[in-house]
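Note that my numbering has the sequence shown beginning at 2, numbered continuously upward.
All C-beta atoms in this analysis are idealised placements derived from N, C-alpha and C, irrespective of residue type, glycine included.
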Amino acid sequence: MKSCYTALSVALVCGSALTNVFGFDVNSRSNLATYWGQNSYGVTHPNHSGPEQSLEELCRNNAPSDAFVLAFLHIFNAGTDKPPQMDFAGQCNTTFEGTQLLKCPGIARGIKTCQSKGKAILLSLGGAVGQYSFNNDKEGRAFAHTLWNMFFAGKDSKALRPFGDVVLDGIDLDIEGGSSVGYVAFVSTLRELFAQDKRKRYYISAAPQCPFPDHYMQPILNEAWIDMLFIQFYNNYCGLNDPSKFNFGQWDKWAKEKAVNKDMKIFIGAPGGPKGANSGFVEFSALRSIIESTRAKYPLFGGVMFWDTSQAMNTKEGGSSYAQLTANFLKQA
Ligand SMILES: *[C@@H]1O[C@H](CO)[C@@H](O)[C@H](O)[C@H]1NC(C)=O
Numbered sequence: 002m003k004s005c006y007t008a009l010s011v012a013l014v015c016g017s018a019l020t021n022v023f024g025f026d027v028n029s030r031s032n033l034a035t036y037w038g039q040n041s042y043g044v045t046h047p048n049h050s051g052p053e054q055s056l057e058e059l060c061r062n063n064a065p066s067d068a069f070v071l072a073f074l075h076i077f078n079a080g081t082d083k084p085p086q087m088d089f090a091g092q093c094n095t096t097f098e099g100t101q102l103l104k105c106p107g108i109a110r111g112i113k114t115c116q117s118k119g120k121a122i123l124l125s126l127g128g129a130v131g132q133y134s135f136n137n138d139k140e141g142r143a144f145a146h147t148l149w150n151m152f153f154a155g156k157d158s159k160a161l162r163p164f165g166d167v168v169l170d171g172i173d174l175d176i177e178g179g180s181s182v183g184y185v186a187f188v189s190t191l192r193e194l195f196a197q198d199k200r201k202r203y204y205i206s207a208a209p210q211c212p213f214p215d216h217y218m219q220p221i222l223n224e225a226w227i228d229m230l231f232i233q234f235y236n237n238y239c240g241l242n243d244p245s246k247f248n249f250g251q252w253d254k255w256a257k258e259k260a261v262n263k264d265m266k267i268f269i270g271a272p273g274g275p276k277g278a279n280s281g282f283v284e285f286s287a288l289r290s291i292i293e294s295t296r297a298k299y300p301l302f303g304g305v306m307f308w309d310t311s312q313a314m315n316t317k318e319g320g321s322s323y324a325q326l327t328a329n330f331l332k333q334a
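Okay, structure coming up:
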C-alpha cells in the first residue's frame, strides 16, 4: 500500500476493495470526525496500557477518520496577557518557557501526516472541564486574532505557535460552561481572518448536546456561521439508545429555518464505545440503521462524529474497530 499513498487519486485504484481512502470533504455526506487528545478509552479502562495512539501513528496507518478534532483548548485567559492553555492528556508534556501553554512538536508532525492524507484537523475550544468565557464582544474579537496567529496563517512573529508552522483546518466550539457572551463576535472575526487566506478553506464546527435548544450554545448557533454541527446524542434523554427520543429532525428543522448557514452539515455524534459516555452507546448494527434512515431522510446529514478516537478505535466487533466499520459503511452507501 505504501506506493499508493503518494497520490490520493490513484490510491482508490491500487487499494484493495476493502481499503477505502479517507479524506475530508465538507460537502460529502459520509464524513467521520473523531475527537482526539483526551484518551477516553485509557481513562475508562485503567488496565489498558499506554495512551491513545498518536496522530502520527493513526494517520500513518490510514485511520478511518476524515477529520480529527483536537480536544481541548480549555482555558482561554481572554482579556489577560497570558496565552490560552490546552490539554492533550499524555500526548504533549512540554510548555513554552514561562507559560502554561503546551508546545507540541510531536502532535505537529502527526497533524502534517494527517493533512498530507487529506484529513482535516480542527481545534476544539471548551469541553466539559475548563475555564473559558469572554466578558464581552471585544474579548471575543481579540481572541480570534490570538488564535489566528497561534494556529492558522496569522503572521504575528511574536505569537507562540504550539504546532509550529502547521496551519490547522478550523475551530470547533464545545461550549458547555461559562456563558454565551462574545462567541458570535469571535466566530465572525475568525471568519473574516479565514477569508484573507485565499489558498485554504477553513471550517467552524460546533458540538451542542442533543436537547434542543442547547443551553450555552443556542444563542451562539442562532447568530454565528457554522459549517458543521456535531450533535452529542449521548448523556441525555435524546441519546441514540432510545430511538423514540432521537431528535435529529428538530436540529434539522432549526438549521433549515433559522441557522445563518442553512446548508450546514449535521453529524450524528455518538460515543465511540460502551464507556465513551454515560449513556448513548449502541452496537454497530443499530448505529448503521440510524445512519441509514437519517441519511435517507435529511439532506443536511453530513456523517458521524465519535467521542472519541481512542474509544472508536479500541472498541471491536468481529475483529474490526467500531470506527472502521462505521467509516466503511458511510463510504460504501
Ligand atoms: C508524557 O508523560 C506521560 C506520563 O509520564 C508519558 O506516558 C507520555 O509518554 C509522555 N508523552 C510524550 C509525548 O512524551
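Limits of the beta strand (DSSP E) - the one that residue i falls within
i	result
Q233	229-233
M306	302-308
Y36	32-37
F270	Sequence check: residue 270 is Gly here, not Phe. Note, G270: beta strand (DSSP E), 266-272.
V364	There is no way to answer for residue 364, as the model of the chain reaches only from 2 to 334.
Y204	204-207
A121	121-128
Residues near residue i in its chain [Cβ-Cβ closer than 7 angstroms; skip 5 each side]
i	result
F25	N32, D67, A68, G119, K120, A121
T81	none
N-terminal and C-terminal residue of the alpha helix (DSSP H) that residue i is part of
i	result
W252	249-258
G107	106-117
H146	138-152
G43	41-45
6 angstroms Cβ shell around residue i - same chain, five flanking residues per side excluded
i	result
W149	G155, L194
N63	none
F187	G141, F144, A145
Y338	Lying outside 2 to 334, the shown extent of the chain, residue 338 is not represented and no answer is given.
R84	One detail in the question is off: residue 84 reads as Pro in this sequence, not Arg. Once the five neighbours on either side are set aside, the close Cβ partners of P84 are T100, L102, L161.
A8	Because the pLDDT at A8 is just 35, under 50, the model does not fix this residue reliably, and the value given afterwards should be weighed accordingly. No residues qualify anywhere along the chain.
G165	A109
S322	M314
Beta-carbon separation (whole angstroms), residue i vs residue j, contact threshold 8 angstroms
i	j	result
I267	W252	6 angstroms
C105	C60	Wrong, their Cβ atoms sit about 15 angstroms apart, outside the cutoff.
D345	L222	No answer is possible for residue 345: the residues shown for the chain start at 2 and end at 334.
I205	G178	Contact doesn't hold; Cβ gap of about 20 angstroms is too wide.
Neighbourhood of residue i by C-beta, 8 angstroms cutoff - its chain only, sequence neighbours within 5 removed
i	result
K246	Y238, C239, G240
D264	L301
G304	S29, R30, S31, N32, L33, A34, D67, K266, F268, I269, L331
### Query
With a cut-off of 8 angstroms, do at least 3 Cβ pairs link the region 142-159 to the region 107-122?
Look at the beta carbons and you see the region 142-159 not touching the region 107-122: under three pairs across the two are nearer than 8 angstroms.
### Task
Please confirm if the region 182-192 is in contact with the region 122-142, defined as three or more CB-CB distances below 8 angstroms between the two stretches.
The answer is yes - the region 122-142 touches the region 182-192, with three or more Cβ pairs under 8 angstroms.
### Task
Specify which residues have a beta carbon nearer than 7 angstroms to any heavy atom of ligand 1, listing them in chain order.
Spelled out in chain order, the answer is P52, G91, Q92, C93, N94, G107.
### Query
If we count Cβ pairs, one from each stretch, closer than 8 angstroms, do we get three or more for the region 281-291 versus the region 47-63?
Here the region 281-291 does not lie against the region 47-63, with fewer than 3 beta-carbon pairs under 8 angstroms apart.
### Task
Count the CB pairs spanning the region 230-238 and the region 319-333 that are closer than 8 angstroms, and state whether there are at least three.
No, because fewer than three Cβ pairs between the region 230-238 and the region 319-333 fall closer than 8 angstroms, the two stretches do not touch.
### Query
Can you find at least 3 beta carbon pairs, one from the region 294-312 and one from the region 267-274, that sit closer than 8 angstroms?
Here the region 294-312 makes contact with the region 267-274; the two share three or more CB pairs at distances below 8 angstroms.
### Message
Using 8 angstroms as the cut-off, can you tell me whether the region 287-296 makes contact with the region 203-223, which would need three or more C-beta pairs spanning the two stretches below that distance?
### Response
No contact exists between the region 287-296 and the region 203-223.
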